[in-house]
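**Q** Note that the working numbering gives residue 199 to position 196 of the sequence shown, counting from 1, and the numbers run on in steps of one.
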Amino acid sequence: MNAAVPDAFGETLAEDAPDVSAAEALAILRRYYGLTGTARPLPGERDHNFHIQADGEREFVLKISHPAEEAGFTDFQNKALDHILAVDPTLPVPSVRKSLEGEPQFAASVGGSAPRIIRLVTYLPGQLLSRSPTSDAQDRNLGVFLARLGRALRGFFHPAAGSDLLWDIRKVAKTRPMMAHISDVGRRAMVERAIDSFEQHAAPVIPTLRAQIVHNDMNSYNVVMDASRPEIVSGILDFGDMIHSPLICDLAIGAVYRWPAEGHPLAPAARFVAGYQSVQPLEEEEIS
């Protein structure tokens with residue numbers, strides 16, 4: 004149990020999922036997909052993920068959801084990926100591999116656990132943004148990519164898009180109970196002031212802004228870059244934090260991750276926003 008996570012945020016964050024071994028992952032792969040190969044664990048916030056090197060040089064990610072994850076939420080992710088690729092096939096996002104029964108997902112017990120949702124998606128090769136050298140062109144290209152992703156998701160909807168999610172900027176005040184876990188008094192006060200400012204100035208305006216389903220988590224561990232040309236985006240991962248939210252919130256999340264190690268603190272974010280704006284112009288209400 005993660006005691007720092009309030010009960011309101013749900014079991015998928017408050018309760019760790021039972022471990023899954025590589026052997027168990029390969030057994031699932033053989034039984035339900037008719038594939039053989041090797042399995043290597045990958046990091047996951049709520050799920051168990053495995054990089055699958057299938058025989059025949061095909062690569063996938065086997066995703067075994069937290070037992071508390073609802074099937075509707077993983078269905079939301081599957082359908083979003085299908086929609087993106089139908090609207091813009093050139094966008095590098097994972098595609099869903101169906102099981103031998105033709106199912107994009109199914110429930111199965113793993114190691115005696117409660118049934119868990121199983122999915123298989125294509126693996127996106129490249130180098131994580133977190134490990135890639137930065138550049139002005141990279142900042143701009145990331146903004147362009149996020150705008151393209153948003154345009155591809157425009158018009159898509161799913162009932163699970165309204166889920167109560169910890170990473171929803173609009174609900175930042177719900178993190179106040181966590182402030183007690185920031186031991187540095189100065190830093191805790193800084194966070195509290197930021198939340199107060201958001202509640203006073205941004206929260207009243209946000210409901211009036213254009214909104215749609217957005218990725219909601221363009222951080223440096225969810226973006227893959229071209230290893231030989233690190234300014235080029237090779238793909239985006241982890242659609243597990245998608246929600247229906249204002250576009251400006253999605254942009255803000257991506258921009259804040261462009262914080263530089265040196266130089267002007269807002270310069271990379273400005274380039275990121277400029278790239279986004281070149282594809283998806285911001286409206287006056289969003290800027291003000």
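Glycine is no exception: its CB is placed at the ideal position from the N, C-alpha and C atoms. Model, not experiment: these values are computed from the prediction.
Should residue 142 and residue 233 be called a contact, given that it needs their Cβ atoms to be closer than 8 Å?
**A** Against the sequence shown, residue 142 aligns to sequence position 139. Against the sequence shown, residue 233 aligns to sequence position 230. For residue 142 and residue 233, no; Cβs fall outside 8 Å.
**Q** Taking the beta strand (DSSP E) that residue 52 falls in, what are its first and last residues?
**A** Taking the first residue of the sequence shown as 1, we reach residue 52 at position 49. Taken as a continuous stretch (DSSP letters only), the beta strand (DSSP E) holding residue 52 covers 51-57.
**Q** State the Cα-Cα distance for the pair residue 80 and residue 122, rounded to the nearest angstrom.
**A** As a working note, residue 80 is residue 77 in the sequence shown. As a working note, residue 122 is residue 119 in the sequence shown. Between residue 80 and residue 122, the C-alpha separation is close to 10 Å.
**Q** Is the distance from the Cβ of residue 160 to the Cβ of residue 120 below 8 Å?
**A** Residue numbering aside, residue 160 sits at position 157 when the sequence shown is read from its first letter. Residue numbering aside, residue 120 sits at position 117 when the sequence shown is read from its first letter. Result no, Cβ atoms of residue 160 and residue 120 do not sit closer than 8 Å.
**Q** Output the boundary residues of the alpha helix (DSSP H) element that contains residue 77.
**A** The count along the sequence shown starts at 1 and reaches residue 77 at position 74. Residues 74-90.
**Q** Going by beta carbon distance, what residues of the same chain come within less than 8 Å of residue 83, once the five residues before and after it are set aside?
**A** Here residue 83 corresponds to residue number 80 of the sequence shown, with the count starting at 1. Answer for residue 83: 156, 159, 161, 216, 242, 245, listed in chain order.
**Q** Starting from residue 275 and walking both ways along the alpha helix (DSSP H), at which residues does that stretch end?
**A** As a first step, residue 275 is located in the sequence shown; it is residue number 272 there, counting from the start. Per DSSP, residue 275 belongs to the alpha helix (DSSP H) from 270-282.
**Q** Residue 101 by DSSP, collapsed to three states: which one?
**A** Along the sequence shown, one-based indexing puts residue 101 at 98. It is coil, neither helix nor strand.
**Q** Starting from residue 3, trace the alpha helix (DSSP H) both ways and give me its first and last residue.
**A** With the chain covering 4 to 291 only, the question about residue 3 has no answer from this structure.
**Q** Anyone know if the C-beta pair for residue 98 and residue 125 falls short of 8 Å?
**A** Position 95 of the sequence shown, counted from the start, is the residue given in the question as residue 98. Position 122 of the sequence shown, counted from the start, is the residue given in the question as residue 125. Cβ atoms of residue 98 and residue 125: closer than 8 Å.
**Q** Would you report the Cα separation of residue 78 and residue 108, rounded to the nearest angstrom?
**A** Locating residue 78 in the sequence shown gives position 75, where the first residue counts as 1. Locating residue 108 in the sequence shown gives position 105, where the first residue counts as 1. When rounded, the distance between both Cα atoms is 8 Å.
**Q** Could you check whether residue 146 and residue 37 sit closer than 8 Å to each other, using their CB atoms as the reference points?
**A** Taking the first residue of the sequence shown as 1, we reach residue 37 at position 34. Taking the first residue of the sequence shown as 1, we reach residue 146 at position 143. No; because the gap between Cβ atoms is not below 8 Å, this pair is not in contact.
**Q** Tell me, please, whether the segment 245-257 touches the segment 209-225 by the rule of three or more beta-carbon pairs shorter than 8 Å.
**A** yes
**Q** Can you list, in chain order, the stretches of the alpha helix (DSSP H) that have 4 or more residues and sit fully within the segment 112-184?
**A** 139-156
**Q** CA-CA distance, residue 210 and residue 59?
**A** Looking up residue 210 in the sequence shown gives position 207. Looking up residue 59 in the sequence shown gives position 56. Those two C-alpha atoms are separated by around 50 Å.
**Q** At what residues does the beta strand (DSSP E) containing residue 216 begin and finish?
**A** Mapped onto the sequence shown, residue 216 falls at position 213. 214-217 is the span of the beta strand (DSSP E), which, as asked, contains residue 216.
**Q** Have a look at residue 9 and residue 231 and give me their C-alpha separation to the nearest angstrom.
**A** The residue you call residue 9 lines up with position 6 of the sequence shown. The residue you call residue 231 lines up with position 228 of the sequence shown. Only weak support exists for where residue 9 lies, its pLDDT of 49 falling under 50; the coordinates are left without a value.
**Q** Where does residue 63 fall in DSSP's three states?
**A** Looking up residue 63 in the sequence shown gives position 60. Three-state result, residue 63: strand.
**Q** What first and last residue would you give for the beta strand (DSSP E) that runs through residue 232?
**A** Here the question's residue 232 lines up with position 229 in the sequence shown. It is not in any beta strand (DSSP E) - residue 232 carries neither H nor E in the DSSP assignment.
**Q** At which residues does the beta strand (DSSP E) containing residue 42 begin and terminate?
**A** As a position in the sequence shown, residue 42 is number 39, starting the count at 1. Start and end: 40-45.
**Q** Tell me the rounded alpha-carbon separation between residue 288 and residue 226.
**A** Residue mapping note: residue 288 aligns to position 285 of the sequence shown, counting from 1. Residue mapping note: residue 226 aligns to position 223 of the sequence shown, counting from 1. Their backbone Cα atoms lie some 29 Å apart in a straight line.
**Q** For the beta strand (DSSP E) holding residue 236, just list the boundary residues, first then last.
**A** Along the sequence shown, read from residue 1 onward, the residue named residue 236 stands at position 233. Taken as a continuous stretch (DSSP letters only), the beta strand (DSSP E) holding residue 236 covers 236-239.
**Q** Of the choices 48, 116, 205, 86, whose alpha-carbon is the least far from that of residue 169?
**A** If you number the sequence shown from 1, residue 169 lands on position 166. It is 48.
**Q** Taking Cβ positions, are residue 51 and residue 67 nearer each other than 8 Å?
**A** The residue you call residue 51 lines up with position 48 of the sequence shown. The residue you call residue 67 lines up with position 64 of the sequence shown. Going by C-beta atoms, residue 51 is nearer than 8 Å to residue 67.
**Q** What do you reckon, are the CB atoms on residue 90 and residue 238 nearer than 8 Å?
**A** Taking the sequence shown and counting its residues from 1, one reaches residue 90 at position 87. Taking the sequence shown and counting its residues from 1, one reaches residue 238 at position 235. No, they are not a contact pair.
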